[in-house]
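J.: No gaps in the numbering here: position 77 of the sequence shown is 503 in the numbering used here, and each next residue is one more. Glycine included, C-beta positions come from ideal geometry on N, C-alpha and C. Right, I'll just put the structure down here and ask away after.
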Amino acid sequence: MEALEAILSRRSIRRYTDQKISDELIQKMLQAAMSAPSAHNYQPWHFILIDDRKLLDQVPQFHPYAKMLKQAPLAIAVCGDLTLEKNIDYIIEDCSAASQNILLAAHALGLGAVWLGIHPRKERVDGLKKLLKTEEHILPVSLISIGYPAEQKSAEGRYNPDRVCLNVWGHKNLKKAN
Ligand SMILES: Cc1cc2nc3c(=O)[nH]c(=O)nc-3n(C[C@H](O)[C@H](O)[C@H](O)COP(=O)(O)O)c2cc1C
């Protein structure tokens with residue numbers, strides 16, 4: 427799938443078939459994740475693959491919007507490493523860029539995925555750290571739920587010219603996108 431087509435057609439997929447995801451596709455998503463930009467190119471991330479049904483089923487106990495994990499064959503926890511990047515704001519930005527790359531790669535590979543917010547909700551951060559037995563300097567930023575789609579969603583077309591200015595705030599003399 428062409429990059430722009432993937433960006434424009436990606437949607438959150440929360441229903442999955444029970445088909446497993448191959449190691450080859452997982453590797454491609456991780457390659458995409460680690461190709462993300464990061465401040466100073468520190469790449470301060472770690473990715474925890476979760477395919478243990480017992481672990482996936484426990485996440486909704488501390489995350490109210492994660493029930494799709496009971497169906498998902500895989501989740502990837504995107505975590506920042508506070509020893510590699512001391513500025514937590516950059517950690518969030520870097521891990522968010524990696525998270526978006528995973529979503530786009532999943533979509534381009536024919537999979538469906540949804541971003542589950544972890545940071546800054548303390549109960550979700552603490553719950554995931556405990557579940558995954560992470561070390562103290564590891565901050566879970568997002569959890570990506572992934573599987574083969576059992577629902578189809580079309581692109582929403584969210585382009586909004588009202589949110590774009592030319593050169594200075596409020597100047598709206600812009601061409602409309604088709
Ligand atoms: C930071 C962040 C946190 C999110 N957290 C959740 C979540 O906890 N559960 C969920 O089902 N979707 C979550 N989403 C997905 C959004 O609900 C979704 O992206 C939004 O409704 C737009 O729909 P789309 O992804 O299909 O374009 C999150 C998205 C972001 C960027």
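CA-CA distance, Asp449 and Asp477?
T.: If you number the sequence shown from 1, residue 449 lands on position 23. If you number the sequence shown from 1, residue 477 lands on position 51. The alpha-carbon atoms of Asp449 and Asp477 are separated by roughly 12 Å.
J.: What number of angstroms, rounded off, separates the C-alpha of Arg547 from the C-alpha of Asp515?
T.: As a working mapping, residue 547 is identified with position 121 in the sequence shown. As a working mapping, residue 515 is identified with position 89 in the sequence shown. If I take the Cα positions, the gap works out to 15 Å.
J.: Would the beta-carbon of Asp507 fall within 8 Å of that of His563?
T.: Translated into the one-based positions of the sequence shown, residue 507 becomes position 81. Translated into the one-based positions of the sequence shown, residue 563 becomes position 137. Cβ distance < 8 Å, so Asp507 and His563 count as in contact.
J.: Would you decide whether Trp471 is buried or exposed? Buried here means 16 or more other CB atoms lie within 10 Å of its CB.
T.: For this step, residue 471 is matched to residue 45 along the sequence shown. Trp471 should be labelled buried.
J.: Do you know how far the Cα of Val504 is from the Cα of Leu558?
T.: Working through the sequence shown from its first residue, we reach residue 558 at position 132. Working through the sequence shown from its first residue, we reach residue 504 at position 78. Taking the straight line joining both Cα atoms gives about 12 Å.
J.: Assuming Ile452 and Leu475 make a contact with CB atoms under 8 Å, what is their CB distance in whole Å?
T.: For this step, residue 452 is matched to residue 26 along the sequence shown. For this step, residue 475 is matched to residue 49 along the sequence shown. 7 Å between Cβ atoms; contact.
J.: Tell me which residue opens and which closes the alpha helix (DSSP H) that Cys521 is part of.
T.: Residue mapping note: residue 521 aligns to position 95 of the sequence shown, counting from 1. Looking at the DSSP string, the run of the alpha helix (DSSP H) that includes Cys521 is 514-534.
J.: Below 8 Å between beta carbons: does that hold for Arg436 and Leu529?
T.: Reading the sequence shown from its first residue, position 10 is the one you call residue 436. Reading the sequence shown from its first residue, position 103 is the one you call residue 529. Taking 8 Å as the Cβ cut-off, Arg436 and Leu529 qualify as a contacting pair.
J.: Ala539 and Ser571 look like a contact to me (Cβ under 8 Å); what is the Cβ gap, rounded to whole Å?
T.: Counting from 1 along the sequence shown, the entry for residue 539 is found at position 113. Counting from 1 along the sequence shown, the entry for residue 571 is found at position 145. Their Cβ separation, rounded to whole angstroms, is 6 Å, which keeps Ala539 and Ser571 in contact under 8 Å.
J.: Tell me the residue span of the alpha helix (DSSP H) that contains Ser571.
T.: In the sequence shown, residue 571 corresponds to position 145, counting from 1. Not the alpha helix (DSSP H): Ser571 falls in the beta strand (DSSP E), residues 564-573.
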